[in-house]
Each structure stands twice: as C-alpha cells, then as structure tokens.
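Engineer: Take a look at this one; I'll ask things after.
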Amino acid sequence: MAPPPTQPAAKIRRRVLVVDDQMAMAEMVADGLTEKGFEAQPVASSQDAVRWLEQERVDALVTDLRMPSLDGLALLAISKRTAPLRPVILMTAFSAVDTAIEAIRQGAYHYLTKPFKVEELALFLDRAFDEASVRHEAAALRRVLQDRFSLENLLGGSAAMREVRDLIERVADSAAPVLICGETGTGKGVVARAIHARSPRAAAPFVSLNCAALPEALLESELFGHVKGAFTNATATRIGLLEGADGGTLFLDEIAEMALSLQAKLLHVLENGAVRAVGSNKERNVDVRIIAATHRNLRQRAKTGAFREDLIYRLDVVNLEMPPLRDRIEDLPELVEHFLALSKRRYPRSTVERFSAEALARMSNYQWPGNVRELEHCIERLVLLGREPEVPVERLPQTVISTPTTPAAFQGEILPLREIGRRYARWAYEQVGGKKTVAAERLQIDFKTLSKMLLAESEDPA
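Residues 44 to 505 in this note's numbering are what the sequence shown lists, from first letter to last.
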C-alpha cells in the first residue's frame, strides 16, 4: 500500500504592524498584505503602535514617515530597541525622500513612496524576512562557536593563562592583526579559534593554513588563488584562501616559514585590503582579519634577512605569548583530568579511570618539551592501551619515568628551611588534587598548620 502523500509544511504567517495616521490607508495596506498571506494589524495611533511593539509579537513594522506625536523615525528607534533584527519599511511622500534615506542609515530596511502597489511591499517584506532569518542563523552559529571555543576551554588557573584569556577578551572585537608566539604544542591554534569565535566575524569563515606544509609555488596559489592558464595544470580559475576568508579570519600558522616573495604579497594585502590572483592583472578587495602564529623569533629572523621587518610591524599589532607547559605546571592536574575525560569519550571501552599519585608526581616534574599537545597524546595512548582503572607510574613513557621526583620548585635553588616547607606543602597539596584534609594527613600535620603554610608569603633569604 502506497504511503499517503506528505503535506507541504504550512507557511508561517508573519505578523506585520501597519502604522499610518490615516486609518483608511493603514487598513488598505493591511488588507492587501493579508491577501498575500501575512497577518497584518493596522493602527492609526503612534501610542498604539508603541504598545504593540513593546508588548506583542511583531515580525515587521510598516510605518508612515510623517505623523503627529511620534513620527516614523521615532517608531524606528523604538523598534530597534525592542527587537534589533525586526525589519522596518517606511511609507513616505516624494517630498520626504531625503528623510527616508536618513532612516535607511539609521537601520530601516527600505522605503516606498506613495502611492505604491501592495505587491511591491509584499516583495520587500519577503526579502527582509529571508535576510532576517539568515541573520538569526548567523547569530545562533556565533553562539555555538562561542560555546565550543569559549575561554573556559582554555584550561588552567595559572596567572599566565588568566593573562591569555584576558587579552583574548580585549582584542576579539577588533579587526587588528594578532601575532601568537610560543613553542610548538602550546595551543596557538586553539587561541586563534577562540579569538575568532568571540569576534563579530564569528559566523563568517575561519580558514587555517600551515605555511610550512606547502612549497612556495603551491602556497602562493593556495593563498591568493589563480586564473585559468596561469601555470601548467591550471585548468580552471580558483579563488584563494584570502578571498575564501572574506568577512572572516585567516589563520596563518608557522608564518616564519613563508618565503620572502609571498611575504611581500601578504604585506600588500594587509596595507591595501586587495588580493591579486596568480596570473591575473586585476585586484579584488577583501575584508579579512589575519591571525598569524610562530614558534620562532621573527625579529631575529629579520636580522638575518629571512623575514621582512615591515611585515612584522603589520602582523604584530597585538602580540600574544603562549606560555610553555613547564612554566605553568600548576595547570597540569586540570589538563590531565580534561584529556582523560576526552580520551574516555573517544575510547569508551577503556577501563582507565584515574592516574596514581606517583604517576601524577612524575608527570608534574617532567619538562613536557612538546607542551600540551605532548600531554594530550600521552594520555590518549595510556587510555587506549590501559588495562587497569588506575594508571601506575610504570605505564608512563620512559622519558617521564626517568624524570627526577624532586619537586621542580626545589631544583637549582638553596632556600631557607621555612620556605622549603611552604613550597613542599604547596606541592603536596597540588599532588592530591587540592584536598587539604588528604594533604595534611599525608604530611602528618594538622589542618590549620597546612592552611597557614599555604597562605604564608615567601620570605626573602636573609
């Protein structure tokens, strides 16, 4: 038996408020819109219009421009205050066109000069609703991106990471280029995405390119695009990533590896906002924010002639330094917990639940030359191959096992005994996950003594 035919989805009836101080005009327009499938409400009083805008669902406002009491510009301002994305269309006499144009500048969607056909108004309303729907979707996408790449995902309560999160918050709203510096594996790409996700460009493309991954010729074509016939095998015109990121953000990782010839072309884009494809004699304007990253010292490379100094000035408007993991080792327990949970979701059959205290101590004293990336891969491997609920120290990589167990706080220093006690208490407190009662029991001191040691300030050597 054939299934019953599916019914087309019912079209949403959009409610349009029609305002004109002449009720006959308002009713005529409302009746015409009703015939076109809208739910139209005519009003002749500005006060009634305000009540509707503030208390009722109104999807669009169609208002006369010149009215006693509150005119169309005033209603436009009220509408923008109560619902910023609500379309507003103005009806005006020919003599008031200049004022209507000013209303467009203030956020009105369009204006129509009287007399006009209702079909024309309905067409503009349909377009306005389509565009408003796109803006709503873009806003929703921006919220999703902000949640996914929120600052809370940049884990760590250390002072260094708090400073990173604060700087991201301050620069995200601007279009200024950002240069992210730091060792490999510190999370430069994560920071770039966080900046984009919190920016007004969040719903636009985020395009990432590793400049060290491609040879010069391919990198040029990838960045700037090419026209058909520009080189052998260029059988079709292709836009580059700079144009593909128009309106959004282009993340250039390992920028220090870019050839000098391409650095000059990138400098031209930053200075003029224009891109010329390979083989073309025409330029196209682009609006793209550049975020670059490197683990090298660009100024040192500029001294050797390997990097353009003028490009550094353009890229380094905002400099963000990512700290290595060894310099924020107090963040390691939180990172371990995060990557453990992440790996367990990836490998649900794993039996691993936790790390032993000795394993965490060894991990805390390891230097982690590969930084957070090395830690993540280490934990993923241990979760994938683990057979016990608790990872013992013997299961750690040999490079980690061979690390001295002396807390890093004591290495290479001669300290007063009181300071050593305070630092050791802090270290022990961190090893047990910040549980004071457990730390006090392990140290064989009472709870109050431990609390005083954790609060005490360091004393300078006499």
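All residues carry an ideal CB built from backbone N, CA and C; glycine is no exception.
Counting Cβ pairs, one atom from each stretch, are 3 or more of them under 8 Å apart for the stretch 250 to 258 and the stretch 351 to 362?
Structural biologist: Short answer: they don't touch.
Engineer: Would I108 and I132 be called neighbours here (beta carbons separated by less than 8 Å)?
Structural biologist: Position 65 of the sequence shown holds residue 108. Position 89 of the sequence shown holds residue 132. Going by the sequence as given, residue 108 is Leu instead of Ile. Cβ atoms of L108 and I132: not closer than 8 Å.
Engineer: Are at least three pairs of beta-carbons, each pair with one atom in the stretch 119 to 130 and one in the stretch 201 to 213, less than 8 Å apart?
Structural biologist: With the cut-off at 8 Å, the stretch 119 to 130 and the stretch 201 to 213 do not touch.
Engineer: Would you kindly work out how many angstroms separate the C-alpha atoms of R344 and R438, rounded to a whole number?
Structural biologist: Here residue 344 is taken as the residue at index 301 of the sequence shown, counted from 1. Here residue 438 is taken as the residue at index 395 of the sequence shown, counted from 1. Whole-angstrom Cα-Cα distance: 41 Å.
Engineer: Are three or more beta carbon pairs between the stretch 268 to 284 and the stretch 227 to 243 nearer than 8 Å?
Structural biologist: Cβ pair count under 8 Å is below three, so no.
Engineer: Would the stretch 319 to 337 and the stretch 215 to 226 be scored as touching if the rule is three or more Cβ pairs under 8 Å?
Structural biologist: At 8 Å Cβ cutoff, the stretches touch.
Engineer: Quick one, which of D374, P412, E396 and R469 has its alpha-carbon nearest L197's?
Structural biologist: Within the sequence shown, the letter at position 154 stands for residue 197. Of the listed residues, the one whose Cα sits closest to L197 is D374.
Engineer: Per DSSP, which residues does I488 bridge with? Please list them.
Structural biologist: Position 445 of the sequence shown, counting from 1, holds the residue named residue 488. Answer by DSSP bridge pairing: none, since I488 is not bridged.
Engineer: Since I444 and R405 should fall inside the 8 Å C-beta cutoff, what is the C-beta to C-beta distance between them, to a whole number of angstroms?
Structural biologist: Working through the sequence shown from its first residue, we reach residue 444 at position 401. Working through the sequence shown from its first residue, we reach residue 405 at position 362. Going by Cβ atoms, the distance from I444 to R405 rounds to 6 Å, so yes, they are a contact pair.
Engineer: Which partner residues of V516 appear in the DSSP bridge assignment?
Structural biologist: The first residue shown for the chain is 44 and the last is 505, placing residue 516 beyond what the model contains.
Engineer: Please name the residue in L498, G476 and G464 whose C-alpha comes closest to that of Q487.
Structural biologist: Working through the sequence shown from its first residue, we reach residue 487 at position 444. Checking every option, the nearest Cα to that of Q487 belongs to G464.
Engineer: Applying the 10 Å Cβ sphere with the 16-neighbour rule, what's the burial state of Y409?
Structural biologist: Walking along the sequence shown from the start, residue 409 turns up at place 366. Buried: at least 16 other Cβ atoms inside 10 Å.
Engineer: Going along the chain, which unbroken runs of the beta strand (DSSP E) with 3 or more residues stay wholly within the stretch 109 to 153?
Structural biologist: Here the runs fully enclosed are 131 to 135.
Engineer: Does the Cβ of I144 have 16 or more other Cβ atoms within 10 Å, making it buried, or fewer, making it exposed?
Structural biologist: Translated into the one-based positions of the sequence shown, residue 144 becomes position 101. Result: exposed.
Engineer: Kindly examine the ligand PLP and report whether one of its heavy atoms sits closer than 7 Å to the Cβ of R109.
Structural biologist: As presented, the structure is devoid of all ligands, the ligand PLP included, so that no description of it is given.
Engineer: Hey, how far is the Cα of E502 from the Cα of S399?
Structural biologist: Numbered from 1 along the sequence shown, position 459 holds the residue referred to as residue 502. Numbered from 1 along the sequence shown, position 356 holds the residue referred to as residue 399. For E502, the pLDDT reaches just 43, beneath the cut-off of 50, and the residue's location in the model is therefore unreliable, leaving the point undetermined.
Engineer: With a floor of 3 residues, list each beta strand (DSSP E) that falls wholly inside the stretch 370 to 426, ordered by position along the chain.
Structural biologist: List check, beta strand (DSSP E) in window: nothing returned.
Engineer: Given a cut-off of 8 Å on the beta-carbon distance, is the pair T156 and T135 in contact?
Structural biologist: Along the sequence shown, read from residue 1 onward, the residue named residue 156 stands at position 113. Along the sequence shown, read from residue 1 onward, the residue named residue 135 stands at position 92. Against a cut-off of 8 Å, the Cβ pair of T135 and T156 comes out as a contact.
Engineer: Quick one: grab the DSSP three-state call for A277.
Structural biologist: As a working mapping, residue 277 is identified with position 234 in the sequence shown. A277 falls in the coil class under three-state DSSP.
Engineer: DSSP has E82 in a bridge; who is on the other side?
Structural biologist: Taking the sequence shown and counting its residues from 1, one reaches residue 82 at position 39. Paired residue(s): R58.
Engineer: So, under 8 Å CB-CB, A146 and L168 are touching, yes? Tell me the CB distance rounded to an integer number of Å.
Structural biologist: Position 103 of the sequence shown, counted from the start, is the residue given in the question as residue 146. Position 125 of the sequence shown, counted from the start, is the residue given in the question as residue 168. The Cβ separation is near 16 Å, so there is no contact.
Engineer: Out of L427, G287, P391 and S393, which has the shortest C-alpha to C-alpha gap to D330?
Structural biologist: On the sequence shown, position 287 is the one that residue 330 refers to. Minimum Cα distance to D330 is reached at G287.
Engineer: In chain order, what are the residue ranges of uninterrupted beta strand (DSSP E) at least 3 long that sit wholly in the stretch 228 to 316?
Structural biologist: You should have 249 to 253 and 292 to 296.
Engineer: Flag this pair as yes or no: are the beta carbons of E300 and C254 separated by less than 8 Å?
Structural biologist: Residue numbering aside, residue 300 sits at position 257 when the sequence shown is read from its first letter. Residue numbering aside, residue 254 sits at position 211 when the sequence shown is read from its first letter. Cβ atoms of E300 and C254: closer than 8 Å.
Engineer: Rounded C-beta distance between P85 and V61? I'm assuming under 8 Å.
Structural biologist: Against the sequence shown, residue 85 aligns to sequence position 42. Against the sequence shown, residue 61 aligns to sequence position 18. Rounded, the Cβ-Cβ distance is 5 Å, consistent with contact.
Engineer: Verify the CB distance criterion: does I298 have a CB-CB separation below 8 Å to chain D?
Structural biologist: Looking for chain D here will not work: only one protein chain is present.
Engineer: In whole angstroms, give me the CA-to-CA distance for L113 and F172.
Structural biologist: Walking along the sequence shown from the start, residue 113 turns up at place 70. Walking along the sequence shown from the start, residue 172 turns up at place 129. Their Cα atoms are separated by approximately 25 Å.
Engineer: Would G80 be called buried (16 or more neighbouring beta carbons within 10 Å of its own) or exposed?
Structural biologist: Here residue 80 refers to the residue found at position 37 when the sequence shown is read from its first residue. G80 comes out exposed.
Engineer: Which residues does DSSP list as the beta-bridge partners of A103?
Structural biologist: Locating residue 103 in the sequence shown gives position 60, counting from the first residue. According to DSSP, which records beta bridges pairwise, A103 is partnered with V59.
Engineer: Which residue's Cα is closest to the Cα of S176: G150, A482 and L128?
Structural biologist: On the sequence shown, position 133 is the one that residue 176 refers to. When only C-alpha atoms are compared, the closest one is L128.
Engineer: For L428, name the three-state secondary structure that DSSP assigns.
Structural biologist: In the sequence shown, the residue the question calls residue 428 occupies position 385. Reduced to three states, the DSSP call for L428 is helix.
Engineer: On the CB-based measure, 16 or more other CB atoms within 10 Å of its CB, does Q474 come out buried or exposed?
Structural biologist: Numbered from 1 along the sequence shown, position 431 holds the residue referred to as residue 474. With 16 or more other Cβ atoms within 10 Å, it is buried.
Engineer: Kindly identify the DSSP beta-bridge partner or partners of T480.
Structural biologist: Taking the sequence shown and counting its residues from 1, the one referred to as residue 480 is at position 437. Answer by DSSP bridge pairing: none, since T480 is not bridged.
Engineer: Measure the alpha-carbon distance for P432 versus R469 and round it to whole angstroms.
Structural biologist: For the purposes of this step, residue 432 is identified with residue 389 of the sequence shown, where counting begins at 1. For the purposes of this step, residue 469 is identified with residue 426 of the sequence shown, where counting begins at 1. So the two alpha carbons sit approximately 27 Å from each other.
Engineer: Distance check for F267 and Q306, CA to CA, integer angstroms please.
Structural biologist: Here residue 306 is taken as the residue at index 263 of the sequence shown, counted from 1. Here residue 267 is taken as the residue at index 224 of the sequence shown, counted from 1. Approximately 12 Å between the Cα atoms of the pair.
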